[in-house]
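Peer 1: Let me begin by handing over the structure; questions about it come next.
2 protein chains.
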Amino acid sequence: MTKLQAGYLFPEIARRRSAHMLKYPDAQVISLGIGDTTEPIPPVIASAMAKRAQGLSTFEGYSGYGAEQGEKRLRAAIASTYYDGLGIEETDIFVSDGAKCDISRLQLLFGANVTTAVQDPSYPAYVDSSVIMGQTGIFKKDIEKYGNIEYMRCTPENGFFPDLSTVKRTDVIFFCSPNNPTGAAASREQLTRLVQFAKDNGSIIVYDSAYAMYISDDSPRSIFEIPGAKEVAVETASFLKYAGFTGVRLGWTVIPKELLFSDGSPVAKDFNLIVCTGSNGASNISQAGGLACLSSEGLKAMTDVVNFYKENTQIIVDTFASLGFNAYGGLNAPYVWVRFPGKSSWDVFAEILEKTHLVTTPGSGFGPGGEGFVRVSAFGHRENVVEACKRLQQLYR
Amino acid sequence: MTKLQAGYLFPEIARRRSAHMLKYPDAQVISLGIGDTTEPIPPVIASAMAKRAQGLSTFEGYSGYGAEQGEKRLRAAIASTYYDGLGIEETDIFVSDGAKCDISRLQLLFGANVTTAVQDPSYPAYVDSSVIMGQTGIFKKDIEKYGNIEYMRCTPENGFFPDLSTVKRTDVIFFCSPNNPTGAAASREQLTRLVQFAKDNGSIIVYDSAYAMYISDDSPRSIFEIPGAKEVAVETASFLKYAGFTGVRLGWTVIPKELLFSDGSPVAKDFNLIVCTGSNGASNISQAGGLACLSSEGLKAMTDVVNFYKENTQIIVDTFASLGFNAYGGLNAPYVWVRFPGKSSWDVFAEILEKTHLVTTPGSGFGPGGEGFVRVSAFGHRENVVEACKRLQQLYR
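Chains A and B, in that order, give the protein sequences.
Anchor point for the first sequence: position 166 equals 166 in this note's numbering, and the numbering is continuous, going up by one each time.
Anchor point for the second sequence: position 266 equals 663 in this note's numbering, and the numbering is continuous, going up by one each time.
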């Protein structure tokens, strides 16, 4: 535990933001930092949750413990909505209170004695949960890396997809696409190579598709679109960034029945044991919301929410482009990944905060490969995003 | 993982119940088994959740990510309601989606290299999560125990409190009071001895007080009523069995700032890292319910729910007593612990299910010390409890 560096990135940003607000109590601070949704939950979805909550006060509407794996109808709806034709069934879906929680459960499944690869940069929960499980060596300050973690460098130069010929074999490969923070979605051809790489090495891919609905081009929405992926991959996903469920909490993990450990036993069986021992499933009220999300009205409403944030993304991309920056991402994710050549991410973060009262996220918080970049999140009210871009133009013009 | 025996107790009971219903499709099966609440959530509490859910569809009412540790107002209300005058503050409270989930998080905190003691019998999640963390040796079939777990035998003969002079020193001691399944609440004098034992041995007590509101006598409601407990104990608790929140999911864990590891670092600091890395807090809608639970109206409503189940308990206790059984518990917990001398728990479970269509819980599922007992839960609609007792009278008169 003492190995974990400086706590978790986002609490650290929250601390710095608070300190800034103490220093400038009258400043209108705008956060394009932690990737928190800002727009209200569509009424059709919120009403379904309100109805379920109110119904719990009646004999007919009351329900206690649900299935640890999630309600049957919701599991079926997730399978048919997001995995139609891919051979993923209701029983392969484990509903949870969010992908971050499931990543921790997957780490518990893998145990302390595995080796792990992550994209560099990537969402910090993969590495941090690996450290907590005791999988890693100490943090080496000079190279900003933990021992026993394979960092797969993703840069503009390699199209944000690692050169697999230089990647060491590991037991587990975390892969997030569309990627947080770079916003890059891997192509079908790239994912086919990744699946083959995992198959050749006997690795398990943990594929994080939390931003799949943000994809605009023809990149796969799920790893299971790749033939053979069901034998090498699990997939985590959630409603958080589609329906504004960051506070409501609802996600899921797909563990295909075809995925086996090297001794031939199904991974899903062990994951089920962990889920049953360490949880009682997601809140029944949140699950009612999930079902509403997957109704035809709900799907339309979620698409509207996603499109709203995508318009924000475009405004931010255009702003940085007009200022001469190299800004990546945006097309397939609600994140813009901006290069500041030769500068330290935390210095850029601090300068932007100090001079414009904008909270961003320093790229180096996502791994050493993020150094020299800053992540700008497109989650925000439109007027705040517009105002933030105005301040950036004043700072950098 | 392969060490874990036959999966988790309650899923196993659910499987047997399903098989029974296939065999007797017309039988009216009554469950006094898994301890699931059956009575509707009091309207004042359900309405607060419905209001919060509906509010999430408005700009004023929307909220995204909350604090991982729980909303400030809820943490403060828990501290002042349940720990008034005990020196437990808002910042010592970590809100979660339930005590079972927190037990898993605590195990992650302790890691694989600790020794653990549990009451025998006790709630299976302690041992099962310990197995999953890799803390235990193999399961020894002949004695029905895992290696590296210290089973503290609790029997009618020792007043359901272990003889600490025979208990080996361990790093962690799980202690549930009122106990699930025996229904026994430890007295102030017994808990004082337990705290001293932990202090002498440098052990951490994980005190599970999930049923504290069911206490009728003057047993302590919290381990922190015992002087010195803040230096040796954490406490898990929840709204599940008070407000019917088994499906809604809301609990909390108290980690006093006075509790330090042997190197002097605060336990709360590491627990906070685990909470921040592996979760995003409980659902905001559930937390609105928790706040309503702790209003004066909510507290009264929860007391009514608890009293309803306590009346059920009395009906069950009276039934077994009238049939000449030794039935324990009941006074301080919604569980009745019935002795069937010389019989196997699973045989008794099977006989009761086969002949009366009642689901109970075999005592041996809670540890070898539960052999020869059956746990009867008092959670049920009144007419079902009365009908169940009628059937038991027909079977055993």
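From the three backbone atoms N, C-alpha and C, an ideal C-beta is built for every residue, glycine too.
#1: Using a Cβ-Cβ cutoff of less than 8 Å, which residues in the same chain neighbour A:Ser-63 once the five nearest sequence positions on both sides are dropped?
#2: Buried or exposed: where does A:Thr-136 fall if 16 or more other Cβ atoms within 10 Å of its Cβ makes it buried?
#3: If you drop the 5 nearest sequence neighbours on each side, which residues of the same chain put their C-beta closer than 6 Å to that of A:Arg-401?
#4: Tell me the residue span of the alpha helix (DSSP H) that contains B:Ser-527.
#5: Rank B:Ile-652, B:Met-530, B:Leu-688, B:Lys-497 by C-alpha distance to the C-alpha of A:Phe-110 and give the top, closest one.
#6: What is the residue span of the alpha helix (DSSP H) that A:Gln-393 lies within?
#7: For A:Lys-269, which of A:Ile-255, A:Ser-262, A:Ser-279 has the nearest alpha-carbon?
#8: Indicate whether the contact test is met: 3 or more Cβ pairs, each with one atom in the stretch 768-777 of chain B and one in the stretch 430-447 of chain B, closer than 8 Å.
#9: Less than 8 Å separating the beta-carbons of B:Phe-491 and B:Gly-463?
#10: From the beta carbon of B:Cys-673, is the nearest beta carbon of chain A less than 8 Å away?
#11: DSSP state of B:Asp-614, grouped into three classes?
#12: For B:Ile-535, does the count of other Cβ atoms within 10 angstroms reach 16, so buried, or fall short, so exposed?
#13: Are the Cβ atoms of B:Ala-609 and B:Ile-570 separated by less than 8 Å?
#14: Name the chain B residues whose beta carbon is nearer than 7 Å to that of A:Gln-54?
#15: Sort B:Asn-576, B:Ile-620, B:Ser-477 by Cα distance to B:Tyr-523 and report the nearest one.
#16: Starting from B:Ser-493, trace the alpha helix (DSSP H) both ways and give me its first and last residue.
#17: Judging by CA-CA distance, which residue of A:Asn-384, A:Asp-171, A:Leu-108, A:Leu-4 is the nearest neighbour of A:Thr-356?
#18: Identify whether A:Glu-150 lies in helix, strand or coil by the three-state DSSP scheme.
#19: Counting along the chain, where does the alpha helix (DSSP H) carrying B:Ser-741 start and finish?
#20: Mind checking if B:Pro-559 is an interface residue toward chain A, Cβ cutoff 8 Å exclusive?
#21: Would you check if there are 3 or more beta carbon pairs closer than 8 Å linking the stretch 225-235 of chain A to the stretch 187-205 of chain A?
#22: Can you find a CB in chain B that lies within less than 8 Å of the CB of A:Ile-132?
#23: Could you check where the alpha helix (DSSP H) with A:Gln-190 kicks off and where it finishes?
#24: Look at the Cβ atom of A:Asn-280, then the Cβ atom of A:Glu-68, and state whether they are nearer than 8 Å.
#25: Output, in sequence order along the chain, the residues in the stretch 482-511 of chain B whose CB is closer than 7 Å to any CB in chain A.
#26: Mind checking the stretch 366-391 of chain A against chain B and listing, in chain order, the residues whose C-beta falls within less than 7 Å of any C-beta there?
#27: Could you tell me which chain B residues have their CB closer than 7 Å to the CB of A:Pro-11, listed as they occur along the chain?
#28: Could you confirm whether any beta carbon from chain B is found closer than 8 Å to the beta carbon of A:Asn-201?
#29: Give me, in chain order, the residues of the same chain whose beta-carbon lies closer than 7 Å to that of B:His-778; leave out the 5 immediate sequence neighbours on both sides.
#30: What separation, rounded to the nearest whole angstrom, lies between the Cα atoms of B:Glu-554 and B:Asp-560?
#31: If the criterion is Cβ atoms closer than 8 Å, does the pair A:Leu-395 and A:His-20 meet it?
#32: Are the C-beta atoms of B:Phe-456 and some chain A residue less than 8 Å apart?
#33: Suppose the cutoff is 7 Å on Cβ atoms and the five residues either side in sequence are ignored; what does the same chain contact list for A:Tyr-214 look like?
#34: Which full runs of the beta strand (DSSP E) of 3+ residues lie inside the stretch 673-747 of chain B, going along the chain?
#35: Under 9 Å between beta-carbons, which chain A residues line up against B:Ile-522? List them in chain order, please.
#36: Considering only the alpha carbon of each residue, which of B:Pro-765, B:Val-756, B:Leu-789, B:Gly-675 lies closest to B:Ser-719?
Peer 2: Taking the structure as given:
#1: Against the first sequence, residue 63 of chain A aligns to sequence position 63. Leu-56, Asn-284, listed in sequence order.
#2: Here residue 136 of chain A refers to the residue found at position 136 of the first sequence. Label assigned to A:Thr-136: buried.
#3: Coverage of chain A is limited to positions 1 through 397, which leaves residue 401 of chain A absent and any answer about it impossible.
#4: The count along the second sequence starts at 1 and reaches residue 527 of chain B at position 130. Unbroken alpha helix (DSSP H) run through B:Ser-527: 522-529.
#5: Sequence index remark: in the first sequence, residue 110 of chain A carries index 110 (1-based). With distances taken between Cα atoms, A:Phe-110 lies closest to B:Met-530.
#6: Residue numbering aside, residue 393 of chain A sits at position 393 when the first sequence is read from its first letter. Unbroken alpha helix (DSSP H) run through A:Gln-393: 382-396.
#7: Mapped onto the first sequence, residue 269 of chain A falls at position 269. Nearest option by C-alpha distance: A:Ile-255.
#8: yes
#9: Along the second sequence, read from residue 1 onward, the residue named residue 491 of chain B stands at position 94. Along the second sequence, read from residue 1 onward, the residue named residue 463 of chain B stands at position 66. Going by C-beta atoms, B:Phe-491 is not nearer than 8 Å to B:Gly-463.
#10: Here residue 673 of chain B refers to the residue found at position 276 of the second sequence. Chain A, which has a Cβ nearer than 8 Å to the Cβ of B:Cys-673, makes this yes.
#11: For this step, residue 614 of chain B is matched to residue 217 along the second sequence. DSSP places B:Asp-614 in coil when its eight states are reduced to three.
#12: Within the second sequence, residue 535 of chain B is the residue found at index 138, counting from 1. Exposed, since its Cβ has fewer than 16 Cβ neighbours within 10 Å.
#13: Along the second sequence, read from residue 1 onward, the residue named residue 609 of chain B stands at position 212. Along the second sequence, read from residue 1 onward, the residue named residue 570 of chain B stands at position 173. Contact: no.
#14: Start at 1 with the first residue of the first sequence, and residue 54 of chain A comes out as number 54. Within chain B, the residues near A:Gln-54 are Ala-443, Ser-444, Ala-447.
#15: As a working note, residue 523 of chain B is residue 126 in the second sequence. Out of B:Asn-576, B:Ile-620, B:Ser-477, B:Asn-576 has the C-alpha closest to the C-alpha of B:Tyr-523.
#16: Taking the second sequence and counting its residues from 1, the one referred to as residue 493 of chain B is at position 96. Premise fails: B:Ser-493 lies in the beta strand (DSSP E), 490-493, not in any alpha helix (DSSP H).
#17: Indexing the first sequence from 1 puts residue 356 of chain A at position 356. Measuring from the Cα of A:Thr-356, the nearest candidate turns out to be A:Asn-384.
#18: Position 150 of the first sequence holds residue 150 of chain A. Reduced to three states, the DSSP call for A:Glu-150 is strand.
#19: Counted from its first residue, the second sequence places residue 741 of chain B at position 344. Premise fails: B:Ser-741 is in no alpha helix (DSSP H) and is neither H nor E.
#20: As a working note, residue 559 of chain B is residue 162 in the second sequence. It does not: the Cβ of B:Pro-559 has no partner Cβ on chain A nearer than 8 Å.
#21: yes
#22: Counted from its first residue, the first sequence places residue 132 of chain A at position 132. So, interface residue.
#23: Residue mapping note: residue 190 of chain A aligns to position 190 of the first sequence, counting from 1. Unbroken alpha helix (DSSP H) run through A:Gln-190: 188-201.
#24: The sequence position of residue 280 of chain A within the first sequence is 280, counting from 1. The sequence position of residue 68 of chain A within the first sequence is 68, counting from 1. Yes; because the gap between Cβ atoms is below 8 Å, this pair is in contact.
#25: Asp-494, Gly-495, Lys-497, Cys-498, Ser-501, Leu-505, Gly-508, Ala-509
#26: none
#27: To locate residue 11 of chain A, count along the first sequence from 1; it is residue 11. Near A:Pro-11 (Cβ distances below 7 Å), the residues of chain B are Cys-673.
#28: Position 201 of the first sequence, counting from 1, holds the residue named residue 201 of chain A. Not closer than 8 Å to any Cβ of chain B, the Cβ of A:Asn-201 fails to qualify, so no.
#29: Walking along the second sequence from the start, residue 778 of chain B turns up at place 381. Closer than 7 Å at Cβ, skipping near neighbours: Thr-435.
#30: Taking the second sequence and counting its residues from 1, the one referred to as residue 554 of chain B is at position 157. Taking the second sequence and counting its residues from 1, the one referred to as residue 560 of chain B is at position 163. Cα to Cα, B:Glu-554 sits roughly 11 Å from B:Asp-560.
#31: Mapped onto the first sequence, residue 395 of chain A falls at position 395. Mapped onto the first sequence, residue 20 of chain A falls at position 20. Not a contact, by the Cβ cut-off of 8 Å.
#32: Against the second sequence, residue 456 of chain B aligns to sequence position 59. So, interface residue.
#33: Your numbering for residue 214 of chain A matches position 214 in the first sequence. Once the five neighbours on either side are set aside, the close Cβ partners of A:Tyr-214 are Pro-178, Val-306, Lys-310, Asn-332, Ala-333, Pro-334.
#34: 724-726, 732-736
#35: By one-based count along the second sequence, residue 522 of chain B stands at place 125. Correcting the residue identity first, residue 522 of chain B is Ala in this sequence and not Ile. The contacting residues are Thr-277, Gly-278.
#36: Position 322 of the second sequence, counting from 1, holds the residue named residue 719 of chain B. Out of B:Pro-765, B:Val-756, B:Leu-789, B:Gly-675, B:Leu-789 has the C-alpha closest to the C-alpha of B:Ser-719.
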